[in-house]
Amino acid sequence: MNVLVGILNGMISGATPILLAALGGAFTYHAGMFNIAMEGMMLAGAFGGVMGSYFLHSWPAGILCALLASVVLALIFILFSVVLRTDEFVTGIALNLFAVGATTYLLRQTFHVKGVFAGQGIAAIPRLVIPFVDRIPLAGQVLSGQNLIVYAAVLATIGASWLVYSTRFGLRLRAAGYNAACLDSSGVSAARIRVAALLLCGVLCGLAGAFLSLGYVTLFAENMSAGRGWISLAAIILVSGRPWGIALISLLFGLFDGLGLLLQGTGIASQFTSMVPYAATLATLYVYSIKRKRRT
Amino acid sequence: MSRKLLTALTGIAAALGIGALIMLAQGYNPAATYGALARFSLMDLPKIATTLKNSVPLILTGLSACIAFASGPVNLGQPGQLALGALAAAVGGLFIHAPPGFEVPLLILLAVAGGALWSGLAALLRLAFSMSEFIVTLMLNMIADFFAAWVIAFPLLDPRAFSPMTPQIDRAGWLGEAGGLSTTVLFMAAAAAVAWFVFRKWRAGYEWRISGQNSLFARLGGCRIEANFLSVMLFTGALAGLAGGLVVMGGPHRFLKGLGGNYAWDGVMIAIVAGSSLVGTVLYGLFFSAIQTGALGMELITNVPSEIAQVLQAVLVLVIVAGREFVSAALDRAEARRRARERAP
C-alpha cells in the first residue's frame, strides 16, 4: 500500500511542473503563437525562486522572485516577437539559451559555485495538510499533505479551463489564434491579447520553476528544467491546448517519471529509467498519429 | 547581399553594445573585457589555431541545422546526433585496431553513420507515422544523452577513471596536429566544402532548397518530397555525427560525460543567425568560437566569469535576427511608400 501511495505522490510531484508550464503554454497556443520558451521561463523561475528565498529568507518572497524572473523573460519574448515581429521560433530558442547562460552566469557570480547551489538558507515552500482529508485511509495520504504549489496547480487548471472557454477574454484569445486579422478588424488588438497570453505563460512557468527549486528539493542546479519545457510542449500539442487534457497527460508523464525512480530499485540502470518520459512522449505521438490515420 | 551584411554588422554592433551595458551593470570594464576576448582568441597563431579547432563542432552542427532549416525538415536533433556520432567513433576506436591510415577514415565513417542513423530514425518516424520531426528529434536528443551516459558508465566504463568515461581509443585513431593546426579543422573544411557543393551545385541540393521554399511548387515540379526529406535528414545527421566523431578523435580521445557540451545548440543558434547562408554559418561559427575561446582566457585576466560568453551569444542572436527582420520590414515599407508616391497623380 505504501508503494501505491509512493507511486501516486511521485506521479503528482513529477506532473506539477509539467502541468503548470503546459497551462502557460496553452494560453499562447490558443492565441496562435509558436511559443517554445517555456523551458527558459521555467529555468529563470527556478533561479529567481532560489535567489528570493535565500536573500529575503522567506518562501513567499521566493515565489514572488520566481514569478518576476519568469515574467522578465516573457517581456523579452514580447519585445522581440510582438513588438519587433521577430520569428517566434527563433525568439524562443534564443531565449532558452539566454536563460541557460544567464542563470549559469548569475549562479557563479552570486553564489560563487558551479553546478549546484544548495545553501542552508533557502526557505522551502511548505506542504498543506487538510484537516479532515488527511484522516482518510489511503486517499488522505495523497490528497492532503502535498506541496502548496500542487494545490495551486489544480486551481490553475480549473482557472485556465474557465478562462479560456467561459470568458470574453478566452473567446478573444481563441479568436486571435483562429484569425488574428479578423480580430483586429473587430476592434480588439490581437497583439494585446498575445501580450496577455505571454504574461500568463510567464506567471505559470514561474510557478513551475519555483516548484522545481523550492518545492521538494531546495536547490538550484544548472539547466534544472532538464527538458520539462519540451515535454510540456508535447503535452499541449497532443491535446490541442485543452487544460483538463493537459492535466491528464501531465499525470501520465509524471507517472512515467516516478516509474523511473521506482525501477531504480531493480537492476535496470538509472539512465534507462530516466529515458522513460521521453520515450513515453514518442509512444504517445505514435498512438496519436495512428488514431488520426484511422479517422481519415 | 549587402542588405544582409548591413544588418549583420549593425546587429553585431548593437549586441556588443548591449553586452557592454550588462558588463557595466555588473561592474566590469567592457573595453578591457572585449579586448581580452579578442586577445585570447586571435592574438597569435597558436590562439587562432585553438579558435579554429573549437569552431569545428560549431560549424558542422551549424551547417547541419542550416541545411535542414533551408530545405524544410526541422532537424533539432543535432545534440543527439553529435552524441551518437561521438559514441560510434569511440566504440570503433576501442574495438577496431586497423593500421594507421585506415583507422582514421574508418572512425570518421562510423561517426557519420552514427549521426545519420539517429536522424534517419526521426525521418522514418515522420514518413511512416506522420510524427512531427520537431518533437521527435527533441525527444531523441534526450534519449541519446541518457543512452550515452549509460554506455560510458557501464559497458564501456574505464575502470581506472574517476568519473564515467570510456578508455582512450586506439592511438591510430587520434587526430593530432599538422604544423600547429589540428587536423580536425581539415576534416571540417572538407565536409563544409562537400556540403556547399551538394547544397548549391548538385541537383539534390537544388531540390532541397526548392522544397524548403515552397514544397507544393517542388512537388508539382516533380521533386520526390518524401525521398528528399529522408536524404536531407540523413545528410544533416551525418554532419552532426561527424562533429561528434571529430570532437572525440581530436580532443580527449575518449567519450566522457559532457562531451557534447553546448556545441549542438550553439550550432542551431549559428544557423538561425546566418539565415539560409552556408558561408554565413561558417563565418558566424568562427565568430562564436572566437567569443568562447577568448572567454576562457578573459576569465584569467579580468575575473569576468566565462559564462558571460553564453549570454553574449544569445543576445547576439536575438539582436541580429530581430534587427534583420526589423530593418527588412522598414526597408520594405519605405519601398512601398516610394512606389505609392510615384503612382500618385
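As they're listed, the protein sequences go chains A and B. Residues 1099 to 1394 (the working numbering) make up the first sequence, in order. Residues 24 to 368 (the working numbering) make up the second sequence, in order. Ideal Cβ positions, reconstructed from N, Cα and C, are used throughout, including at glycine.
Status (buried if at least 16 other CB within 10 Å, exposed otherwise) for Asn77 (chain B): buried
Chain A contact for Gln333 (chain B) (CB, 8 angstroms cutoff): yes
Residue closest to Ser1387 (chain A), alpha-carbon to alpha-carbon, out of B:Ser155, B:Ile248, B:Leu68: B:Ser155
Three-pair Cβ contact test at 8 angstroms for the segment 1130 to 1149 of chain A versus the segment 1183 to 1196 of chain A: yes
DSSP-derived helix/strand/coil call for Ala1120 (chain A): helix
Closest Cα partner of Ile1334 (chain A) within the set A:Asn1100, A:Met1131, A:Ser1111: A:Met1131
N- and C-terminal bounds of the alpha helix (DSSP H) containing Gln101 (chain B): Annotation for Gln101 (chain B): the continuous alpha helix (DSSP H) segment containing it runs 101 to 118.
Simplified DSSP assignment, three categories, for Asn164 (chain B): It is helical.
Against chain B: residues of the segment 1368 to 1386 of chain A by CB proximity under 7 angstroms: Result list: Gln1369, Phe1370, Ser1372, Met1373, Tyr1376, Ala1377, Thr1379, Leu1380, Leu1383, Tyr1384.
Collapsed DSSP secondary structure at Asn1245 (chain A) in the structure displayed: strand
Continuous alpha helix (DSSP H) stretch holding Leu239 (chain B): start and end: Per DSSP, the unbroken alpha helix (DSSP H) holding Leu239 (chain B) starts and ends at 238 to 243.
C-beta neighbour in chain B for Ala1251 (chain A), strict 8 angstroms: Not one beta carbon of chain B lies nearer than 8 angstroms to the beta carbon of Ala1251 (chain A).
Separation of Arg1233 (chain A) from Ala91 (chain B), as counted between CA atoms: 58 angstroms
Rounded C-alpha distance that separates Tyr1127 (chain A) from Ser205 (chain B): Near 47 angstroms, if we compare the C-alpha coordinates of Ser205 (chain B) and Tyr1127 (chain A).
Residue-chain proximity (Gly1199 (chain A), chain B), Cβ-Cβ < 8 angstroms: yes
Three-state class that DSSP yields for Met188 (chain B) in the structure shown: Residue state, collapsed to three classes: strand.
Amino acids of chain A, ordered along the chain, whose beta-carbon sits closer than 7 angstroms to that of Ala337 (chain B): Ala1192, Leu1195, Phe1196, Gly1199
Ordered list of alpha helix (DSSP H) runs contained in the segment 41 to 87 of chain B, each at least 4 residues: 53 to 65
8 angstroms Cβ cutoff, Phe1178 (chain A) in contact with chain B: yes
Cross-chain neighbours of Ile324 (chain B) in chain A, by beta carbon under 7 angstroms: What Ile324 (chain B) touches in chain A: nothing, since even the nearest Cβ is about 17 angstroms away.
Given Gly1268 (chain A) as reference, the closest of A:Glu1186, A:Ala1378, A:Gly1339 once Cα atoms are compared: A:Gly1339
Element boundaries [alpha helix (DSSP H), containing Trp219 (chain B)]: 206 to 224
C-beta neighbour in chain B for Gly1325 (chain A), strict 8 angstroms: Chain B contact via Cβ: present.
Inter-stretch contact at 8 angstroms, needing at least 3 Cβ pairs: the segment 1145 to 1153 of chain A / the segment 1310 to 1320 of chain A: With the cut-off at 8 angstroms, the segment 1145 to 1153 of chain A and the segment 1310 to 1320 of chain A touch.
Under the three-state DSSP convention, the category Ala250 (chain B) falls into: helix
Backbone secondary structure at Arg277 (chain B) - three-state DSSP: coil
Under 9 angstroms from the C-beta of Val1148 (chain A): neighbouring residues of chain B: By Cβ distance, chain B contributes nothing, its closest Cβ being about 17 angstroms from Val1148 (chain A), past 9 angstroms.
Where Thr1126 (chain A) meets chain B, residues with beta-carbon distance less than 9 angstroms: By Cβ distance, chain B contributes nothing, its closest Cβ being about 16 angstroms from Thr1126 (chain A), past 9 angstroms.
Other residues of its chain near Leu179 (chain B): CB distance less than 6 angstroms, five sequence neighbours each side excluded: Same-chain partners within the cutoff: Thr189.
The segment 282 to 295 of chain B contacting the segment 332 to 352 of chain B, beta-carbon criterion three pairs below 8 angstroms: Judged by Cβ distances under 8 angstroms, the segment 282 to 295 of chain B makes contact with the segment 332 to 352 of chain B, as three or more pairs qualify.
For Phe222 (chain B), the nearest candidate out of B:Phe125, B:Ser300, B:Phe349, B:Leu163 (CA to CA): It is B:Ser300 whose Cα lies nearest to the Cα of Phe222 (chain B).
Whole-angstrom C-beta distance between Gly264 (chain B) and Glu137 (chain B), which should lie under 8 angstroms: What sits at residue 137 (chain B) in the sequence shown is Gly, not Glu. About 5 angstroms separates the two Cβ atoms, so the contact holds.
Three or more C-beta pairs below 8 angstroms linking the segment 349 to 362 of chain B and the segment 62 to 81 of chain B: no
Three-pair Cβ contact test at 8 angstroms for the segment 51 to 70 of chain B versus the segment 265 to 285 of chain B: no
Under 8 angstroms between C-beta atoms of Thr160 (chain B) and Leu99 (chain B): Inclusion of Thr160 (chain B) and Leu99 (chain B) in the CB contact set at 8 angstroms is warranted, their separation being smaller than that value.
Ala370 (chain B) versus Ala261 (chain B) - alpha carbon distance: Residue coverage of chain B in this structure runs from 24 to 368, which leaves residue 370 (chain B) outside it and unanswerable.
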